[in-house]
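Everything on this sheet refers to the single structure shown next.
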Amino acid sequence: MRHRRHTYATEMIRLGVSLPAVMQLLGHKDIRMTLRYVEVTQHDLQREFHAARLNAPQTDRLSIPSVPNCSATADLPGIRQALAATRHLMEMYRRQLSDLRIQRALRRLDKRLLAVASQLDRIAIAEK
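For what it's worth, numbering that gives the first Met the number 0 labels the leading residue of the sequence shown as 0, then goes sequentially.
Okay, here's the thing in structure tokens:
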């Protein structure tokens, strides 16, 4: 009987039934007893996280603040500042994506930009 209650409670939660409703369905008076019957897996946590991100208000997901003090000068400090701003904006964009393949591609691009910034630092040191 215990196995059926575990399966039932877990399946109800996965179908979207609220925890208080499952508590009532199982006839429990204390939520702690209900929690003993609900099994949450890593897959459940990932599914919930992605569902929450998809349901986030679109206005919050798409708002990208301007980057202050970003000059467009054609000197090493200006180029380094533009690279830092680009990396920052790209990271903000990457965090709102759900496609893991595109996220990985953006991480690889960020590593390339970081290598370019490192090369610029070496050039700046050599010029001094």
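Where is the CB? At the ideal position from N, CA and C, for every residue including glycine.
Contact set for residue i: own chain, Cβ-Cβ below 7 Å, skip 5 residues either direction
| i | result |
| --- | --- |
| GLU38 | HIS5, THR9 |
| HIS96 | Strictly speaking, residue 96 in this sequence is Leu, with His absent from that position. Contacts found: GLN102. |
| LYS28 | none |
Alpha-carbon to alpha-carbon, residue j and residue i
| i | j | result |
| --- | --- | --- |
| ASN54 | GLU90 | 21 Å |
| PRO64 | ILE30 | Any reading at PRO64 must be qualified, since the residue scores a pLDDT of 48, below 50, and its modelled position is unreliable; no value is offered. |
| PRO19 | LEU99 | 34 Å |
| ARG94 | VAL16 | 29 Å |
| LEU24 | ARG3 | 13 Å |
| GLY77 | LEU105 | 23 Å |
| TYR7 | MET22 | 11 Å |
| GLU131 | ARG121 | There is no way to answer for residue 131, as the model of the chain reaches only from 0 to 127. |
| LEU88 | GLN45 | 25 Å |
| ARG107 | LEU119 | 19 Å |
Environment of residue i [buried if 16+ CB atoms lie within 10 Å]
| i | result |
| --- | --- |
| THR33 | buried |
| ILE124 | exposed |
| ILE12 | buried |
Contact set for residue i: own chain, Cβ-Cβ below 8 Å, skip 5 residues either direction
| i | result |
| --- | --- |
| LYS127 | none |
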